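Below: the structure, in structure tokens.
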DNA sequence: AGCCAGGCATCAG
DNA sequence: CTGATGCATGGC
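In the working numbering, the protein residues as written are 2 to 293.
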């Protein structure tokens with residue numbers, strides 16, 4: 002949640018727990034997730050709030066959260082496999098850092114589009130605004146209202162002006178055209194899930210406003226394609242410094258390097274490099290920051 | 001005031 | 001192929 006690399010807007014915190022509300026198997030449930038006592042063998046404590054919560058609901062929420070936080074990823078194996086690499090410094094500092102996988106791939110696609118040339122804070126605000134302006138409204142447990150993400154049908158018909166009122170800026174047109182392509186069947190997100198990484202990426206990049214970075218974000222966070230390693234401005238700065246003595250590299254070269262080196266774990270490696278790099282950056286003096 | 005933020009499209013060499 | 005520029009918007 003704090004790395005900024007989420008598949009959806011990050012969750013609010015209360016008393017040390019991250020919480021969200023959603024419709025799970027037709028039931029409105031609020032779940033408060035407490036950080037796991039063991040980073041490497043996660044068994045987070047979860048507090049459920051809702052009416053007539055039965056065993057079946059509990060099981061559904063459990064499976065939902067296991068998927069969302071990718072609790073089956075074998076982090077100790079990943080750490081062990083790359084224990085001798087430079088990246089292993091980040092394993093110690095951020096042990097337990099995990100990828101997310103979107104529960105709604107369509108929302109993840111729109112998040113990825115909104116994130117381009119924007120800050121984490123801003124695209125999170127934008128997506129929350131899209132939920133509140135276009136999404137179905139529910140009265141959650143305890144009487145609080147919440148909005149889930151709108152359907153592609155809704156955003157395909159949305160007016161540019163209303164989308165822009167959520168500070169989407171020039172991305173409004175991209176959101177609408179991607180939504181239209183999903184509605185008329187030219188783009189099938191679940192079919193992309195079955196396709197090989199390269200093919201899926203190529204197809205995504207044919208959409209307006211979707212380039213290599215946005216495509217990789219969606220493949221990784223929306224579909225769980227862990228070979229995808231989004232190369233943003235940070236990764237583009239970090240990888241040449243850490244691995245190539247500061248040599249000049251294109252973004253494509255950086256992406257290829259990560260995929261070759263880390264294979265099916267390229268996306269996870271990217272997460273650690275990104276978070277480690279950004280945390281280090283925060284500790285620099287303003288003068289040192291300028292040098293980058 | 002100007003530059004940057006999880007880029008992309010377009011155009012000039 | 002590589003580099004430069006505009007694009008909306010808000011924060012610093």
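Where a beta carbon is used, it is the ideal one built from N, C-alpha and C, also for glycine. All values reported here derive from a predicted model rather than from experimental measurement.
Burial state of residue i, where buried means 16 or more other Cβ atoms lie within 10 Å
{"i": "residue 267", "result": "buried"}
{"i": "residue 6", "result": "buried"}
{"i": "residue 101", "result": "buried"}
{"i": "residue 48", "result": "exposed"}
{"i": "residue 127", "result": "buried"}
{"i": "residue 153", "result": "buried"}
{"i": "residue 167", "result": "buried"}
{"i": "residue 272", "result": "buried"}
{"i": "residue 380", "result": "Absent from the model: residue 380. The displayed extent of the chain is 2 to 293, so no value can be given."}
{"i": "residue 67", "result": "exposed"}
{"i": "residue 245", "result": "exposed"}
{"i": "residue 192", "result": "exposed"}
{"i": "residue 234", "result": "exposed"}
{"i": "residue 52", "result": "exposed"}
Reduced DSSP secondary structure (H/G/I, E/B, other) of residue i
{"i": "residue 20", "result": "strand"}
{"i": "residue 156", "result": "helix"}
{"i": "residue 78", "result": "helix"}
{"i": "residue 132", "result": "helix"}
{"i": "residue 48", "result": "strand"}
{"i": "residue 147", "result": "strand"}
{"i": "residue 25", "result": "strand"}
{"i": "residue 252", "result": "helix"}
{"i": "residue 105", "result": "coil"}
{"i": "residue 87", "result": "coil"}
{"i": "residue 222", "result": "helix"}
{"i": "residue 173", "result": "helix"}
{"i": "residue 99", "result": "coil"}
{"i": "residue 271", "result": "helix"}
For residue j and residue i, the rounded distance between their alpha carbons
{"i": "residue 107", "j": "residue 227", "result": "18 Å"}
{"i": "residue 212", "j": "residue 9", "result": "19 Å"}
{"i": "residue 216", "j": "residue 81", "result": "29 Å"}
{"i": "residue 260", "j": "residue 188", "result": "25 Å"}
{"i": "residue 146", "j": "residue 24", "result": "13 Å"}
{"i": "residue 205", "j": "residue 224", "result": "13 Å"}
{"i": "residue 65", "j": "residue 40", "result": "19 Å"}
{"i": "residue 249", "j": "residue 33", "result": "45 Å"}
{"i": "residue 218", "j": "residue 111", "result": "11 Å"}
{"i": "residue 131", "j": "residue 109", "result": "13 Å"}
{"i": "residue 1", "j": "residue 104", "result": "As shown, the chain starts at 2 and ends at 293. That puts residue 1 outside it, with no answer to give."}
{"i": "residue 26", "j": "residue 20", "result": "18 Å"}
{"i": "residue 118", "j": "residue 173", "result": "14 Å"}
{"i": "residue 87", "j": "residue 262", "result": "12 Å"}
Extent of the continuous beta strand (DSSP E) run through residue i
{"i": "residue 34", "result": "28-35"}
{"i": "residue 139", "result": "138-140"}
Opposing strand residues paired with residue i [DSSP bridges]
{"i": "residue 276", "result": "Bridge partners of residue 276: none, in fact."}
{"i": "residue 260", "result": "None; residue 260 has no bridge partner."}
{"i": "residue 294", "result": "Absent from the structure is residue 294, since the part of the chain shown begins at 2 and ends at 293."}
{"i": "residue 183", "result": "In DSSP, residue 183 forms no bridge with anything."}
{"i": "residue 14", "result": "19"}
Endpoints, alpha helix (DSSP H) assigned at residue i
{"i": "residue 59", "result": "56-69"}
{"i": "residue 201", "result": "198-205"}
{"i": "residue 232", "result": "No alpha helix (DSSP H) holds residue 232; DSSP gives it neither H nor E."}
{"i": "residue 1", "result": "Because the chain here runs from 2 to 293, residue 1 falls outside it and cannot be looked at."}
{"i": "residue 195", "result": "190-195"}
Residue i beta carbon near the ligand SAM (any heavy atom closer than 7 Å)
{"i": "residue 138", "result": "The ligand SAM is not part of the structure shown, which contains no ligands of any sort."}
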